[in-house]
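*Asks:* Got a structure here, written out as structure tokens. Questions coming.
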Amino acid sequence: MYHFSIGVMLESFRTDIPNALKKAALLGAQGIQVYATTGELSPEMMTKEKRREFLKMVKDHGLIISALCGDLGHGFGNPEKNPELLEKSKRILDLAKELETDIVTTHIGVVPADPAHPRYGVMQQACFELAQYADSLDAHFAIETGPETSATLKRFLDGLHSTGVAVNLDPANLVMVTEDDPVRAVHTLKDYIVHTHAKDGRRNFYRDPEVIYGLVEEEMLASESFTELPLGEGKVPFPEYLKALDEIGYHGFLTIEREVGEEPEKDIQTAMAYLKALIK
């Protein structure tokens, strides 16, 4: 038996917040993750009163907030845009703390495999600033895996000498983009994992991560390079993956994220049952 909590990305229900919270609770989720970048849950829209009201609404459904999503776009590879993006990211982390979570997940862009790449230093300086701020709040900005291999990401993180910038491990992104082994990734990134996504998929053909994550303009290919699939139907070896998480001492959230499909609620319910069967 494993000790994990199961959460769900609120936007995966594709409905309004009150209904999504109700559905999450009815399906047996223990927590939720929600976007806080734009719209009604962004820091600038969330007055003190609204923050209290939203947190109460979550708790009234018997839920907690596992993390906020603070992905602002194409990451931190542009030094001219970084000051504004960093300030927004800090405000999202402030909001997270008020909503009683210590984690904000984000994409930072594609970490170059070569540390001599000009963008590497730019991204590392931005993440160093984020790490310092997160450390001051006893919190984490959690980089979502996918754009690069776990080995490349670990080397990047080791250079920060902090867990203020940590990892949100998304096993599906690893198999869909770089075909990295999620089990090996767990052990490689064991010192940094603070949150995970429960998602599955497969890669159909290789496509440059720079293109997938939008850093290079290129005509879209006629067919998709990867396919997101319901849990258990893709290339993520979930039994071995969960065993690896347990072995490294991670017992936090497995947060279900479903970004495609015609029946998201049904897919989330199936994912919930699949995870519960593996955890028992």
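The UniProt record's numbering puts the first residue of the sequence shown at 1, with every later residue one more than the last. Every residue, glycine too, gets a C-beta built ideally from N, C-alpha and C.
Report the rounded CA-to-CA distance for Tyr120 versus Glu84, giving the unit in angstroms.
*Replies:* On the sequence shown, position 120 is the one that residue 120 refers to. On the sequence shown, position 84 is the one that residue 84 refers to. Distance between the alpha carbons of Tyr120 and Glu84: 19 Å.
*Asks:* Specify the secondary structure class of Leu221 as computed by DSSP and reduced to three states.
*Replies:* Residue 221 sits at position 221 when you count from the first residue of the sequence shown. Confidence at Leu221 is low in this model, with a pLDDT of 34, below 50, so the placement of that residue should be treated as unreliable; the coordinate-derived value is given next. Reduced to three states, the DSSP call for Leu221 is coil.
*Asks:* So, is Thr178 buried or exposed, given that buried needs 16 or more other C-beta atoms within 10 angstroms?
*Replies:* On the sequence shown, residue 178 is found 178 positions in, with the first residue counted as 1. By the neighbour-count rule (16 or more Cβ atoms within 10 Å), Thr178 is buried.
*Asks:* CA-CA distance, Glu53 and Leu68?
*Replies:* Counting from 1 along the sequence shown, the entry for residue 53 is found at position 53. Counting from 1 along the sequence shown, the entry for residue 68 is found at position 68. Cα to Cα, Glu53 sits roughly 16 Å from Leu68.
*Asks:* With a floor of 4 residues, list each alpha helix (DSSP H) that falls wholly inside the region 122-201, ordered by position along the chain.
*Replies:* 150-158 and 182-188
*Asks:* In the structure shown, what three-state DSSP assignment does Gly39 receive?
*Replies:* Taking the sequence shown and counting its residues from 1, the one referred to as residue 39 is at position 39. In this structure, Gly39 counts as helix in the three-state DSSP scheme.
*Asks:* Could you work out which residue in Glu233, Ala29 and Phe156 is closest to Gly201 when comparing CA atoms only?
*Replies:* If you number the sequence shown from 1, residue 201 lands on position 201. Of the listed residues, the one whose Cα sits closest to Gly201 is Glu233.
*Asks:* When the Cα atoms are used, what is the spatial distance from Gly7 to Leu27?
*Replies:* In the sequence shown, counting from the first residue as 1, residue 7 sits at position 7. In the sequence shown, counting from the first residue as 1, residue 27 sits at position 27. Answer to the nearest angstrom: the Cα atoms are 10 Å apart.
*Asks:* Only counting the same chain, and skipping five residues up and downstream in sequence, which positions put a Cβ closer than 7 Å to that of Lys88?
*Replies:* Against the sequence shown, residue 88 aligns to sequence position 88. Here the set comprises Leu72.
*Asks:* Quick check on the DSSP output: what are the complete beta strand (DSSP E) runs of length 3 or more inside the region 19-95, in order along the chain?
*Replies:* 31-35 and 64-69
*Asks:* Please return the same chain residues whose Cβ sits closer than 6 Å to the Cβ of Leu169, not counting the five positions on each side in sequence.
*Replies:* For this step, residue 169 is matched to residue 169 along the sequence shown. Result list for Leu169: Thr145, Ile193 and Thr196, in chain order.
*Asks:* Suppose contacts are defined by Cβ-Cβ distances below 9 Å. Is Ser5 in contact with Phe205 by that definition?
*Replies:* Locating residue 5 in the sequence shown gives position 5, where the first residue counts as 1. Locating residue 205 in the sequence shown gives position 205, where the first residue counts as 1. Contact: no.
*Asks:* DSSP on Val216, reduced to helix/strand/coil?
*Replies:* The residue given as residue 216 occupies position 216 in the sequence shown. Because Val216 carries a pLDDT of 48, less than 50, the predicted location of this residue cannot be relied on, and no value is offered for it.
*Asks:* Assuming Thr163 contacts Met9 (C-beta within less than 8 Å), just tell me the rounded distance between them.
*Replies:* Taking the sequence shown and counting its residues from 1, one reaches residue 163 at position 163. Taking the sequence shown and counting its residues from 1, one reaches residue 9 at position 9. 23 Å between Cβ atoms; not a contact.
*Asks:* Got a sec? Which residues, its chain only, sit under 6 Å from Tyr274 by beta carbon, not counting five neighbours each side?
*Replies:* Your numbering for residue 274 matches position 274 in the sequence shown. Only Leu231 and Gly232 meet the Cβ criterion.
*Asks:* Counting Cβ pairs, one atom from each stretch, are 3 or more of them under 8 Å apart for the region 265-279 and the region 236-243?
*Replies:* In short, these stretches touch, since the Cβ pair count reaches three.
*Asks:* Pull up the DSSP beta-bridge partners for Met9, would you.
*Replies:* To locate residue 9, count along the sequence shown from 1; it is residue 9. Note: Met9 sits in a beta bridge opposite Gln33.
*Asks:* Assuming Val167 and Leu189 form a contact by the criterion Cβ under 8 Å, report the distance between their Cβ atoms to the nearest whole angstrom.
*Replies:* For the purposes of this step, residue 167 is identified with residue 167 of the sequence shown, where counting begins at 1. For the purposes of this step, residue 189 is identified with residue 189 of the sequence shown, where counting begins at 1. Contact between Val167 and Leu189 holds: their C-beta atoms lie close to 5 Å from each other, under 8 Å.
*Asks:* Output the distance between the C-alpha atoms of Lys97 and Thr37, rounded to the nearest integer angstrom.
*Replies:* Here residue 97 corresponds to residue number 97 of the sequence shown, with the count starting at 1. Here residue 37 corresponds to residue number 37 of the sequence shown, with the count starting at 1. The alpha-carbon atoms of Lys97 and Thr37 are separated by roughly 15 Å.
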